[in-house]
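S.K.:
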Amino acid sequence: MSLISIFKSSIGKKLLMALSGIFLVVFLTQHFLINITSVFSEEIFNFLSHFMGNNPIVQFILQPILIFGVIFHFVMGFYLEIINRKSRGANYTRYAGGDNAPWISRNMIFSGGVVLLFLILHFYDFWVPEMNYKYIEFLPEDPNRYYEELIHKFESPIRTLIYSVSFIFLALHLLHGFSSSFKTIGVDSKYYKPIKSLTFIFSILIPFGFIFIAVFHNLMH
Amino acid sequence: MKLNLKIWRQKNSESKGGFENYVIDNITPDMSFLEMMDVLNQKLIYENIDPISFDHDCREGICGSCSLFINGRAHGPDKGITTCQLHMRKFKDGDSIVIEPFRAKSFPIIKDLVVDRSAFDRIQHSGGYISINTSGNTQDANTTPIRKEDADNAFDAATCIGCGACVATCKNASAMLYVSAKVSQFSYLPQGKVEAKERVLNMVKQMDDEGFGNCTNTGACEVECPKGISIKNIARMNREFYKAKI
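Here the protein sequences come in this chain order: Y and G. Note that my numbering has the first sequence beginning at 171, numbered continuously upward. Note that my numbering has the second sequence beginning at 470, numbered continuously upward.
1. Please state the DSSP three-state secondary structure of residue 224 (chain Y).
2. Pair every Cβ in the region 566-584 of chain G with every Cβ in the region 592-604 of chain G, then say whether three or more of these pairs are closer than 8 Å.
3. Got a sec, what are the start and stop residues for the alpha helix (DSSP H) residue 680 (chain G) sits in?
4. Residue 273 (chain Y) lies in the alpha helix (DSSP H); which residues open and close that run?
5. Restricting to Cα atoms, I'd like to know which of G:600, G:557, G:509, G:543 is closest to residue 499 (chain G).
6. Can you tell me whether DSSP reads residue 709 (chain G) as helix, strand or coil?
7. Can you say whether residue 260 (chain Y) is buried or exposed, counting buried as having 16 or more other CB atoms within 10 angstroms of its CB?
8. Once DSSP output is grouped into helix, strand and coil, what is the label at residue 573 (chain G)?
9. Report yes if the CB atom of residue 488 (chain G) is closer than 8 Å to the CB atom of residue 583 (chain G), and no otherwise.
10. Can you tell me whether residue 351 (chain Y) is buried or exposed? The criterion is at least 16 other CB atoms within 10 Å of its CB, across all chains shown.
11. Which bits of chain G does residue 241 (chain Y) rub up against, with CB to CB less than 7 Å?
12. Thinking just about the alpha-carbon of each residue, which of G:586, G:610, G:478, G:658 is nearest to the one in residue 632 (chain G)?
13. In this structure, does DSSP put residue 539 (chain G) in helix, strand or coil?
14. Here's a check: name, in chain order, each residue in its chain whose Cβ is nearer than 7 Å to the Cβ of residue 555 (chain G), leaving out the five neighbours to either side.
15. Under 8 Å by Cβ, that's how I've got residue 622 (chain G) and residue 653 (chain G) pegged, so tell me the actual separation to the nearest angstrom.
16. For residue 196 (chain Y), which residues in the same chain have their Cβ closer than 8 Å to its Cβ, ignoring the five residues on either side in sequence?
17. Mind checking which residues open and close the beta strand (DSSP E) that includes residue 493 (chain G)?
18. What in chain C is Cβ-close to residue 633 (chain G), meaning under 9 Å?
19. Assuming residue 443 (chain G) and residue 510 (chain G) make a contact with CB atoms under 8 Å, what is their CB distance in whole Å?
20. Which residues, in chain order, does the region 580-603 of chain G contribute to contact with chain Y at a C-beta distance below 7 Å?
21. Quick one: what's got a C-beta closer than 8 Å to residue 592 (chain G)'s C-beta in the same chain, skipping five residues either side?
22. Decide if residue 361 (chain Y) is buried, meaning its Cβ has at least 16 other Cβ atoms within 10 Å, or exposed.
23. Between which residues of its own chain and residue 329 (chain Y) is the CB-CB distance below 7 Å, once the five residues before and five after are set aside?
24. Using a Cβ cut-off of 8 Å, which residues of the region 680-696 of chain G contact any Cβ in chain Y, in chain order?
25. At what residue ranges does the region 612-638 of chain G contain a whole run of the alpha helix (DSSP H), taking only runs of 4 or more?
26. Who are residue 584 (chain G)'s beta bridge partners in DSSP?
Here it is, written out as structure tokens:
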């Protein structure tokens with residue numbers, strides 16, 4: 171009972187935001203590790219994609235949890251933004267926010283909003299056709315179709331550009347969100363230095379790795 | 470120097486309020502910001518205009534009374550100071566200065582630049598104390614050994630003067646730096662362990678009831694805090710809160 175009551179408090183709501191963010195970071199890592207294989211091995215990428223697309227645990231347990239996690243993180247983010255804006259009441263006529271806090275930390279709702287728009291496009295590009303293929307048209311399973319589907323999407327330079335810009339905003343979001351989530355969890359300040367370094371490495375490596383994959387397939391095919 | 474001032478005027482908590490423009494001359498660089506306000510008020514009194522209300526007390530940077538949001542910053546353009554320690558040498562002849570009250574739903578405006586910060590008092594009353602009798606039978610300070618690091622951290626947290634600059638500058642009007650300082654100053658010390666659980670639960674509940682926003686770790690509060698209270702206290706308060714709940 172006491173445990174559940176944590177989430178009624180402001181700290182608890184922030185904790186939920188932090189935990190769902192860390193969950194999405196874990197998902198992002200595994201997504202990247204699978205996608206990067208497409209750069210050097212069509213077979214490995216097809217094998218892993220086929221596994222992820224057909225394994226019942228992934229499909230019917232992990233995928234719904236992931237979708238819930240994504241929706242939860244966005245809904246909670248917008249909800250907290252509304253509460254926070256109400257807490258200000260009247261706005262300042264002049265507010266020099268940039269003098270004491272970086273842009274990325276003050277505009278998480280904006281960078282997160284861009285990532286949300288990207289996710290809608292991403293679902294339209296990959297998830298909707300996948301659901302249609304498997305559960306609406308019931309087409310016969312082809313374990314070698316995934317690589318072709320991927321490179322087909324990145325033939326378009328406009329889509330490649332949209333994906334790249336979106337991942338830059340994801341990087342900006344992670345540069346603050348990754349380390350902030352650990353502070354919210356209550357990690358001791360003696361670990362802030364390694365967390366800061368890890369945040370920087372992760373926030374650059376993963377989003378720019380995704381950009382590399384998109385640009386690579388656009389240029390190579 | 471001559472300055473163009475744009476100052477928030479509001480008759481009382483019910484009225485709408487708005488900006489008024491004033492031009493003030495013969496301001497010397499050695500004056501404090503509040504002395505400049507005194508000169509302006511003297512001028513307004515001579516002109517039979519209601520002087521501008523603003524909070525101040527010690528004028529030595531230790532009481533936390535003075536507030537003011539000056540040119541978009543709590544306590545003005547310098548870091549780590551109160552408004553009374555801001556001097557006019559920070560401005561140039563002909564500058565325009567926008568002066569607003571601290572703005573937060575939990576800090577309602579009483580008049581002009583004066584805001585009601587009693588929400589902080591209510592948070593403090595809800596748990597910012599120890600029940601150990603410290604009058605008349607005080608023990609030797611070395612009876613209970615305390616790590617130097619803990620003593621230093623407790624002292625640093627205890628330097629919070631409750632001015633509200635953290636709330637004023639935070640984009641979310643969050644009071645977590647203030648509350649975390651008040652929680653931490655006790656949580657580092659054995660005397661504070663007795664009511665540790667009730668303290669953090671009650672203070673966080675009162676903070677939420679007062680309508681302050683949620684911390685998003687931007688760090689703006691520690692930059693503007695005149696006493697340099699570290700944001701690491703917020704993570705410590707979070708830990709204390711989870712421990713108390715679990």
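Glycine included, every Cβ here is placed at the ideal spot set by N, Cα and C.
M.R.: Once the coordinates are examined:
1. Translated into the one-based positions of the first sequence, residue 224 (chain Y) becomes position 54. Helix at residue 224 (chain Y).
2. no
3. Here residue 680 (chain G) corresponds to residue number 211 of the second sequence, with the count starting at 1. It is not in any alpha helix (DSSP H) - residue 680 (chain G) carries neither H nor E in the DSSP assignment.
4. Position 103 of the first sequence, counting from 1, holds the residue named residue 273 (chain Y). Its alpha helix (DSSP H) spans residues 273-276.
5. As a position in the second sequence, residue 499 (chain G) is number 30, starting the count at 1. Answer by Cα proximity: G:557.
6. Counting from 1 along the second sequence, the entry for residue 709 (chain G) is found at position 240. In this structure, residue 709 (chain G) counts as helix in the three-state DSSP scheme.
7. By 1-based counting over the first sequence, the position of residue 260 (chain Y) is 90. Exposed, since its Cβ has fewer than 16 Cβ neighbours within 10 Å.
8. Numbered from its first residue, the second sequence carries residue 573 (chain G) at position 104. It is coil, neither helix nor strand.
9. The count along the second sequence starts at 1 and reaches residue 488 (chain G) at position 19. The count along the second sequence starts at 1 and reaches residue 583 (chain G) at position 114. Against a cut-off of 8 Å, the Cβ pair of residue 583 (chain G) and residue 488 (chain G) comes out as no contact.
10. Within the first sequence, the letter at position 181 stands for residue 351 (chain Y). Buried.
11. On the first sequence, position 71 is the one that residue 241 (chain Y) refers to. Per Cβ cutoff of 7 Å: no residues; residue 241 (chain Y) is ~20 Å from chain G at best.
12. Start at 1 with the first residue of the second sequence, and residue 632 (chain G) comes out as number 163. Comparing Cα-Cα distances from residue 632 (chain G) to each of G:586, G:610, G:478, G:658, the minimum goes to G:586.
13. Taking the second sequence and counting its residues from 1, one reaches residue 539 (chain G) at position 70. Looking at residue 539 (chain G) - three-state DSSP - the assignment turns out to be strand.
14. Taking the second sequence and counting its residues from 1, the one referred to as residue 555 (chain G) is at position 86. These residues qualify, in order along the chain: 501, 502, 544, 545, 547.
15. Taking the second sequence and counting its residues from 1, the one referred to as residue 622 (chain G) is at position 153. Taking the second sequence and counting its residues from 1, the one referred to as residue 653 (chain G) is at position 184. Confirmed, Cβ separation roughly 7 Å.
16. The residue given as residue 196 (chain Y) occupies position 26 in the first sequence. Counting only Cβ-Cβ distances below 8 Å, and skipping sequence neighbours, we find nothing.
17. Along the second sequence, one-based indexing puts residue 493 (chain G) at 24. Residues 487-493.
18. In summary, chain C is missing from the structure at hand, where the protein chains are Y and G.
19. As shown, chain G starts at 470 and ends at 715. That puts residue 443 (chain G) outside it, with no answer to give.
20. none
21. As a working note, residue 592 (chain G) is residue 123 in the second sequence. 644, 647, 648, 651, 672, 675, 676, 679.
22. As a position in the first sequence, residue 361 (chain Y) is number 191, starting the count at 1. Exposed is the call here.
23. Counted from its first residue, the first sequence places residue 329 (chain Y) at position 159. Within the same chain, residue 329 (chain Y) has close Cβ partners 323.
24. 680, 681, 682, 683, 684, 685, 686, 687, 688, 689, 692, 693
25. For the region 612-638 of chain G, whole alpha helix (DSSP H) runs of length 4 or above, ordered along the chain, are 617-627, 634-638.
26. For the purposes of this step, residue 584 (chain G) is taken as the residue at position 115 of the second sequence. Answer is G:578.
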